[in-house]
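K.L.:
The sequence shown begins at 1 in full-length UniProt numbering and counts up by one. Quick one: structure below, then a few questions.
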Amino acid sequence: MRAVSGDPSAAPLSCDRPVVVEATGQDDYEPLQPDVILAFHELCLVRDGGEWFMGQLDGDGSVICWASYGSDLAEAIRGL
Numbered sequence: 001m002r003a004v005s006g007d008p009s010a011a012p013l014s015c016d017r018p019v020v021v022e023a024t025g026q027d028d029y030e031p032l033q034p035d036v037i038l039a040f041h042e043l044c045l046v047r048d049g050g051e052w053f054m055g056q057l058d059g060d061g062s063v064i065c066w067a068s069y070g071s072d073l074a075e076a077i078r079g080l
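This is how it looks when you write it as structure tokens:
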């Protein structure tokens, strides 16, 4: 993860935090049930159902995602 991203501070986070994704065309968020959360400074990659979502770590520890980056972790990291 660190080698692919080039971020020496990249680290896994616990999944016991609220994680949501913005719903396209709506004012609401949809909750995710991640099994993996990877932090790259304030950006995060969240895996839910085999799909990686890009998001941002909020000040309260929650994660707000805005887009799916597909199922390939290396490709999702390159999208950072």
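Ideal Cβ positions, reconstructed from N, Cα and C, are used throughout, including at glycine.
#1: What would DSSP say about Glu-42, mapped onto helix, strand or coil?
#2: Taking the alpha-carbon of Gly-50 as reference, which of Ala-76, Ser-9, Phe-40, Asp-60 has the nearest alpha-carbon?
#3: By how many angstroms is the C-alpha of Trp-52 removed from the C-alpha of Asp-71?
#4: Starting from Leu-13, trace the beta strand (DSSP E) both ways and give me its first and last residue.
#5: Kindly give me the distance between the Cβ atoms of Gln-56 and Leu-43, rounded to whole angstroms, as I take these residues to be in contact under 8 Å.
#6: Tell me, which residues are paired with Glu-22 by DSSP?
#7: Identify the residues that DSSP records as bridge partners of Glu-75: which are they?
P.N.:
The structure says:
#1: Taking the sequence shown and counting its residues from 1, one reaches residue 42 at position 42. Three-state result, Glu-42: coil.
#2: Here residue 50 is taken as the residue at index 50 of the sequence shown, counted from 1. Nearest C-alpha to Gly-50: Ala-76.
#3: Against the sequence shown, residue 71 aligns to sequence position 71. Against the sequence shown, residue 52 aligns to sequence position 52. One detail in the question is off: residue 71 reads as Ser in this sequence, not Asp. If I take the Cα positions, the gap works out to 6 Å.
#4: If you number the sequence shown from 1, residue 13 lands on position 13. In the DSSP assignment, Leu-13 falls within the unbroken beta strand (DSSP E) covering 11 to 13.
#5: Mapped onto the sequence shown, residue 56 falls at position 56. Mapped onto the sequence shown, residue 43 falls at position 43. Between Leu-43 and Gln-56 the Cβ distance is about 6 Å, and since that is below 8 Å, they are a contact.
#6: Here the question's residue 22 lines up with position 22 in the sequence shown. Beta-bridge analysis with DSSP links Glu-22 to Tyr-29.
#7: As a working mapping, residue 75 is identified with position 75 in the sequence shown. DSSP lists no partner for Glu-75.
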